[in-house]
Each structure stands twice: as C-alpha cells, then as structure tokens.
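Residue numbers (UniProt numbering): 1 to 594.
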C-alpha cells in the first residue's frame with residue numbers, strides 16, 4: 001500500500017503542477033490550477049498546498065514548496081475574504097467550505113512548517129488565525145448538512161494544535177459531542193439534507209453514503225484520534241463498519257440511493273476527500289477496514305486518466321476530461337496517510353478475502369433509506385424506494401434495481417441519477433460531446449412531451465418473499481403525478497442467484513429500458529433474433545437474454561452518465577401480453593461459490 005500511495009500522490013501532484021498557471025502577471029490567475037474539464041479555476045484548488053508539501057518532504061525538491069506558496073498567494077488574491085473566510089469559488093458566495101480549506105492549511109503547518117521560510121510560515125499562521133476566528137463564530141454550519149459541523153470540529157481542533165487557543169478546542173469538543181450525532185438503528189449516519197431530522201413520507205432519513213464515508217466519518221475519526229476522545233472514536237468506528245456493506249469488491253461505493261448522489265463518482269463523492277484515511281486510522285483490530293482502504297485506493301489508481309482522478313472508470317472511453325477537483329481533494333488523503341505512516345497497516349494485503357457486502361448472503365432491509373441489498377454467491381444487487389428528495393430528478397426510487405455487481409466482472413447495472421442536472425454548477429461537470437442518458441433500469445412512457453417513469457413513483461409497494469423482491473407501482477412524472485385520467489401500473493420482480501439476475505416486468509404501456517454497463521472497448525454480439533445480447537468483458541462474458549426481442553436503438557454505441565462515470569449499452573423491450581422477462585447471466589470461467 002505504501003507504494004500505491006506514494007506513486008499515486010506523485011502522479012497526481014505532477015499533473016496538478018502542470019496545470020498550475022504561471023507568468024501571466026495577473027494575480028487572480030497566477031498560482032491557480034486550470035481545470036481541463038471545466039475550463040476554470042476551482043476555488044478550493046489551493047488545498048493542493050498540503051499534498052504539494054508532502055511531495056516536497058518525500059522528494060526534497062523545492063519546486064513543490066514554490067508551487068504550494070503560489071497556491072496560497074492565488075487564494076489570497078481571489079477567494080480570501082476580509083472576515084477570515086474563503087469563498088467556495090470566485091463567483092460563489094458560499095463560505096462554509098472554509099472548514100476544508102482550514103484543515104489542509106493546518107496540516108501544512110502541523111507536518112511541514114519546517115519546509116517554509118520564516119516569512120511564509122508567519123503569513124500562513126496569521127491566515128489560519130483569521131480563518132479560525134471566522135469558523136468559531138460561523139454558526140450557520142450547525143444547521144447545515146452534517147458533514148459541515150463534524151468537519152468544523154476537526155478544523156477547529158487542528159487550529160488549537162497549531163495556534164494553542166483554548167476556545168477553539170472547547171468549540172471543537174462541543175461540535176463533536178457523540179451524544180448529538182445522528183445515527184440510525186443500523187448505525188448509518190444521516191443528515192445529508194436539511195432539515196436533518198426531517199423524515200420523508202416513507203420514513204426515510206437523508207443519508208448519503210459518499211459524503212458519510214469520504215468526509216464526515218473520517219473527520220470524526222481524525223478528530224477522535226487527535227483529541228483522544230474515545231467516544232468519538234467509537235462512534236466513528238461503529239459508523240464506518242455500518243457503511244461497509246455498501247462497499248463493492250472492486251473498491252467502489254454503492255451510493256445509488258444517496259440523497260446527494262448527484263456527486264457520486266463510483267469510488268466515492270466528487271468534492272470530498274476519500275475514505276481510506278478514516279478506515280486506516282481505526283484499522284488496528286479490524287482487517288475489513290484495511291481491506292476497504294486498499295481496495296478503494298487501487299480503484300482510485302485505476303480511475304486515473306492522464307495523471308488526474310476521473311469520476312468513474314469509463315471517462316477516457318467516453319471522451320470526458322477528468323475534473324481536477326477530484327484530484328486535489330483526494331490527494332489530501334494520500335498525503336495524510338503518508339504523513340501519519342498509516343501505510344504500515346496495509347502491509348498484509350489479503351486480496352483473497354471478501355468484503356462484508358459479498359460474504360454476507362441473503363436480503364437485508366434498510367428502512368431508514370427504504371432500500372434492500374441482495375447477495376448470492378458472486379452477485380449482489382440493490383433495490384431502492386427511497387423518497388427523501390434532495391432535488392427533483394435526483395436519485396432513483398420506485399423500487400428500482402439501482403445496482404447489480406458481479407465479484408469478478410464488476411458493475412453490470414447502475415442507476416445513477418434519474419435526470420442529470422447541475423445542482424451545484426461550480427462543483428459538477430458538464431458532459432462534453434457524449435450521448436448522456438439515464439443508466440437506470442426502468443419502465444418509461446411519454447405523453448405530450450412529459451416522461452412518466454417507474455423511477456418517480458414515491459408510493460411504490462415493495463415486498464420480499466423468499467429470494468424474490470417485488471415492486472408494484474404506477475408510472476409518474478418527475479413531480480410524482482400520474483397521467484391524468486389513466487394510471488399506468490407496473491410490477492417488477494427481481495431474483496438474484498450466484499451467476500444470474502432475473503427480472504420480470506409487468507406493464508401495458510411504455511418501454512422497458514435496461515442499460516447494461518459496458519465500456520466502448522468491449523465486443524458486443526446479438527443472437528437469437530434479438531433475444532440474446534453478449535458482451536465480452538476482461539474476466540468473462542455477460543449474457544442478457546429475454547423472452548421478447550430486445551432492441552438496441554443506438555446499435556452498439558454506448559450511452560454515458562457522469563453519475564457515476566459509466567458507459568452502458570442501451571437495451572429496450574416492448575411488452576407482449578403485458579409482460580417481459582430479462583435474465584442477466586455471467587460466464588466467468590470460474591466457480592462462483594454456488
């Protein structure tokens with residue numbers, strides 16, 4: 001793991017260094033990182049100061065110190081504010097992300113201030129003091145998404161470590177009080193959505209797996225580690241363990257039902273820092289935590305394109321440039337692991353061991369997010385009816401099979417967003433010259449330009465009997481309305497076995513759309529008069545078979561969605577006699593544990 005962290009940090013930092021703007025004589029440009037995907041400078045890019053200084057310590061190369069200093073000066077000339085805060089972006093008024101800026105600035109001083117000149121060290125400490133005072137009095141964070149107050153606790157505690165101001169320590173202790181942390185009955189952290197205590201009509205809590213495992217729980221773990229607060233450490237450990245059933249065998253996170261999955265990026269979440277540091281901090285007596293960190297770090301490496309972390313495995317195939325925001329935030333975790341020598345915990349990489357999701361067979365119900373996971377042999381699936389709506393057209397609902405993953409062949413079905421919209425324009429990518437479509441399995445009909453879909457049914461009935469999951473509902477539009485004067489009913493039945501998923505869809509109106517995840521470099525063949533589609537993958541074949549003719553409206557051209565960075569082959573079926581069946585079967589050349 002040490003080699004993975006060092007090599008990946010160097011690769012990312014070299015790419016960011018190439019993107020650093022120099023010699024324009026414009027203080028609002030020089031020092032910033034120009035994003036190749038967004039064509040702009042992201043306001044938080046100066047957080048790369050910390051990984052740059054980590055590289056300086058590793059390589060004893062002054063170029064990294066100079067690069068970090070240029071970032072700091074750029075921030076002072078652009079996003080820095082008189083009240084001590086930093087703006088999220090030059091054209092943004094949001095100051096809450098100051099918590100993340102402060103954590104990285106404090107880490108620069110805690111680990112690497114010896115690399116700085118006296119003048120630079122003094123300027124950075126003075127700027128940290130101003131930001132700490134802002135965070136100390138910025139009460140707006142208390143009622144925001146849960147990642148903010150917990151991260152603020154860590155930020156203020158690190159400010160105390162650097163500046164020795166007792167007020168910061170006391171405020172941090174107040175913010176991180178374990179008795180006030182919102183955990184569900186399954187120890188899932190909730191609060192990524194406001195009001196944080198609001199329940200949806202189905203009783204769902206605002207839960208986002210990506211933010212929880214990459215931001216909030218690692219911040220709580222690091223706060224507990226630094227402060228010695230055993231209760232905070234125990235809460236973080238309990239929460240991180242509870243989220244492991246959503247980590248797939250290849251290191252990807254299942255956030256198909258998350259309230260903020262508009263920033264889902266397969267390995268985590270777009271603008272958060274990463275999960276590996278949190279898991280390694282608490283890994284002494286838990287081999288699952290070590291394995292989780294290793295698998296996720298390897299996936300980050302696999303998703304790196306031209307030195308930058310892409311938002312998913314198919315960015316290059318889809319012709320999408322990686323946004324630099326992914327890289328400068330996740331580089332912070334690599335630097336933190338190396339500076340704290342946590343790589344020693346990953347010396348025993350037992351790759352043959354399965355993660356909890358894959359080794360725990362059966363169907364498990366999570367009422368707090370109205371979702372079910374089903375695992376059998378090498379296959380695992382998620383079905384969701386979550387109705388906590390962060391934004392219209394966000395995560396799917398309606399009893400959708402939102403994810404299907406095979407242990408060796410990877411993700412086969414994946415919902416992403418029902419409709420891709422820029423909820424946070426400065427923090428999200430715009431698709432470029434690609435056929436971007438919804439990736440979810442769904443039944444869909446259109447009338448007068450309005451789409452009615454199974455994805456939008458917030459009143460679906462889901463039942464589990466034996467190994468079957470059944471979802472019965474009505475097609476609705478994005479505002480959850482049925483077609484006036486006519487209710488279009490549907491019923492999905494799902495069954496997962498070790499090598500196969502079977503879907504029975506009962507419906508009279510519309511089309512069954514079943515996008516099968518597949519990169520454009522994978523061979524596709526159609527057989528049996530359109531009743532069988534075969535995709536050749538690296539470790540085997542995926543066969544989709546139906547009792548009806550399957551149509552490929554774009555032939556073998558792939559569709560793509562930035563959430564979570566996957567391509568797929570669009571397959572669709574029209575009903576005959578009111579029903580259709582689809583089977584997705586894997587031939588991997590190995591026994592699948594049946």
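We put the CB at the ideal spot given by N, CA and C, even for glycine.
Under three-state DSSP, which class holds residue i?
i, result
"residue 571", "coil"
"residue 432", "coil"
"residue 138", "coil"
"residue 180", "helix"
"residue 464", "strand"
"residue 320", "coil"
"residue 344", "helix"
"residue 444", "strand"
"residue 454", "helix"
"residue 131", "helix"
"residue 360", "coil"
"residue 478", "coil"
"residue 103", "helix"
"residue 113", "helix"
"residue 373", "strand"
"residue 583", "strand"
"residue 588", "coil"
"residue 327", "helix"
"residue 577", "coil"
"residue 485", "coil"
"residue 596", "Only positions 1 to 594 of the chain appear in the structure, and residue 596 is not among them; the question remains open."
"residue 470", "strand"
Please return the same chain residues whose Cβ sits closer than 7 Å to the Cβ of residue i, not counting the five positions on each side in sequence.
i, result
"residue 298", "4 and 251"
"residue 407", "249, 358 and 378"
"residue 576", "548"
"residue 415", "256, 396, 400, 402, 403, 439 and 440"
"residue 204", "368, 369, 370, 386, 387 and 388"
Measure the C-alpha to C-alpha separation of residue i and residue j and round it to an integer number of angstroms.
i, j, result
"residue 512", "residue 476", "15 Å"
"residue 322", "residue 145", "26 Å"
"residue 394", "residue 260", "8 Å"
"residue 398", "residue 580", "18 Å"
"residue 371", "residue 181", "22 Å"
"residue 458", "residue 243", "25 Å"
"residue 186", "residue 366", "8 Å"
"residue 594", "residue 227", "A caution first: residue 594 carries a pLDDT of 27, below 50, which makes its placement in the model unreliable, though a value can still be read off. Near 47 Å, if we compare the C-alpha coordinates of residue 227 and residue 594."
"residue 596", "residue 165", "Absent from the structure is residue 596, since the part of the chain shown begins at 1 and ends at 594."
"residue 588", "residue 535", "12 Å"
"residue 294", "residue 224", "22 Å"
"residue 562", "residue 34", "20 Å"
"residue 80", "residue 143", "24 Å"
"residue 207", "residue 456", "18 Å"
"residue 443", "residue 454", "5 Å"
"residue 543", "residue 64", "50 Å"
"residue 291", "residue 26", "46 Å"
"residue 88", "residue 40", "13 Å"
"residue 500", "residue 526", "19 Å"
"residue 277", "residue 482", "46 Å"
"residue 267", "residue 485", "44 Å"
"residue 518", "residue 531", "18 Å"
Leaving out five residues on either side along the sequence, give the residues of the same chain with a beta carbon under 6 Å from the beta carbon of residue i.
i, result
"residue 621", "The displayed coordinates of the chain run from 1 to 594. Any statement about residue 621 would go beyond what the structure contains."
"residue 316", "305"
Using only CA atoms, which one of the options lies nearest to residue i?
i, options, result
"residue 102", "369, 65, 168 and 144", "168"
"residue 50", "338, 267 and 381", "338"
"residue 318", "95, 64, 228 and 557", "557"
"residue 400", "514, 90 and 170", "514"
"residue 174", "161, 94, 78 and 153", "153"
"residue 194", "141, 179 and 375", "141"
"residue 212", "147, 197 and 196", "147"
"residue 541", "443, 410 and 119", "410"
"residue 161", "27, 132, 78 and 221", "132"
"residue 114", "57, 307, 94 and 332", "57"
"residue 32", "493, 209 and 77", "77"
"residue 419", "209, 584 and 263", "263"
Excluding the 5 residues flanking residue i on each side, which residues of the same chain have their C-beta closer than 8 Å to its C-beta?
i, result
"residue 591", "With a pLDDT of only 47 at residue 591, under the threshold of 50, the placement of this residue in the model should not be trusted; the figure read from the coordinates follows. Around residue 591: no qualifying Cβ."
"residue 449", "none"
Secondary structure, alpha helix (DSSP H): runs of 4+ residues fully inside the stretch 274 to 317: Taken in chain order, the unbroken stretches of alpha helix (DSSP H) that lie wholly in the stretch 274 to 317 and span 4 residues or more are 276 to 281 and 287 to 302.
Every unbroken alpha helix (DSSP H) inside the stretch 381 to 427 [4 residues or more]: If only uninterrupted alpha helix (DSSP H) runs of at least 4 residues are considered, none is enclosed by the stretch 381 to 427.
Continuous alpha helix (DSSP H) assignments of at least 4 residues falling wholly in the stretch 231 to 282: 276 to 281, all fully within the stretch 231 to 282.
Ordered list of beta strand (DSSP E) runs contained in the stretch 489 to 569, each at least 3 residues: Unbroken beta strand (DSSP E) runs of no fewer than 3 residues, entirely contained in the stretch 489 to 569, are found at 489 to 496, 500 to 507, 511 to 513, 524 to 527, 532 to 537, 540 to 546, 558 to 561 and 566 to 569, following chain order.
In chain order, each alpha helix (DSSP H) run of at least 4 residues that lies wholly inside the stretch 18 to 94: The stretch 18 to 94 contains these whole alpha helix (DSSP H) runs: 49 to 59 and 62 to 77.
Contiguous alpha helix (DSSP H) assignments of at least 4 residues, all confined to the stretch 175 to 231: Qualifying alpha helix (DSSP H) stretches, in chain order: 217 to 227.
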